[in-house]
Structure formats: structure tokens, C-alpha cells
Amino acid sequence: MTERSSSERGFRGAGSFPPKPVEVGKEYDVDIQEMSRRGEGIARIQGLVVFVPNTHNGDHVKIRVTRISRRFAEAEVVGKEEAEKEEKPED
């Protein structure tokens with residue numbers, strides 16, 4: 240009987256996940272598309288789910304990635320764009 244590697248048996252090893260489309264510490268502009276059960280906003284960057292606390296559905300925010308795991312990333316808000324900017328009357 241010959242030995243077969245794990246890839247030949249159909250198992251995916253820890254190193255077989257594709258590279259992530261984000262990097263820790265980098266900033267990205269995203270749209271919050273939905274809310275998680277924990278109340279965090281969910282954005283997607285090239286299909287990767289990114290959890291962003293203190294956001295709401297429909298927000299357009301600038302985020303900084305703080306953590307990357309196998310299936311998702313976590314980020315913090317570094318800037319928020321208002322959908323409608325209030326005009327201040329000039330004196």
C-alpha cells in the first residue's frame with residue numbers, strides 16, 4: 240500500500256486557504272451591507288466578510304483592518320462619510 244498525501248485524499252490542510260484580499264493595518268472604503276446577530280455591521284471586500292462595530296446598514300465608512308481569521312476579518316472605523324451633509328447658513 241502506498242502513502243498518499245493529505246491533498247490527494249481530498250483534505251484541505253491549514254495552509255490551503257487562498258490569500259486574503261485585505262491586510263492588517265491597511266485602510267479600506269466600504270459600504271455596510273447588513274448587520275450581524277451581535278449588532279456589528281457587515282461589509283465585504285472581494286467576498287471576504289468584514290465585521291465592523293459601531294456601524295449601521297447603509298453606512299459608507301473608512302475602516303482599518305485589525306484582525307484576519309480564516310473566514311472573516313474584523314475592522315475599526317477610522318472615518319465616516321455622511322450621506323447628506325447639512326448646509327450651514329452663512330452669517
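Per the working numbering, the sequence shown runs over residues 240 to 330.
Note that the Cβ used here is the ideal one computed from N, Cα and C, for glycine as well.
Anticipated Cβ contact below 8 Å, residue i with residue j, distance rounded
i    : j    : result
I307 : V269 : Contact doesn't hold; Cβ gap of about 15 Å is too wide.
G280 : V291 : 4 Å
K316 : V300 : Here residue 316 turns out to be Val, not Lys, going by the sequence shown. Between V300 and V316 the Cβ distance is about 5 Å, and since that is below 8 Å, they are a contact.
K319 : D298 : 7 Å
Cβ-based burial, residue i [other Cβ within 10 Å; buried from 16]
i    : result
T305 : exposed
Pair within 8 Å by beta-carbon distance, residue i and residue j
i    : j    : result
E273 : N296 : yes
Among the options, the one whose alpha carbon lies nearest that of residue i
i    : options             : result
G286 : E313, P260 and R276 : P260
K263 : E313, E320 and G318 : Note that residue 263 corresponds to Val in the displayed sequence, not to Lys. The residue with the shortest Cα to Cα distance from V263 is E313.
Y267 : I284, P258 and P257 : I284
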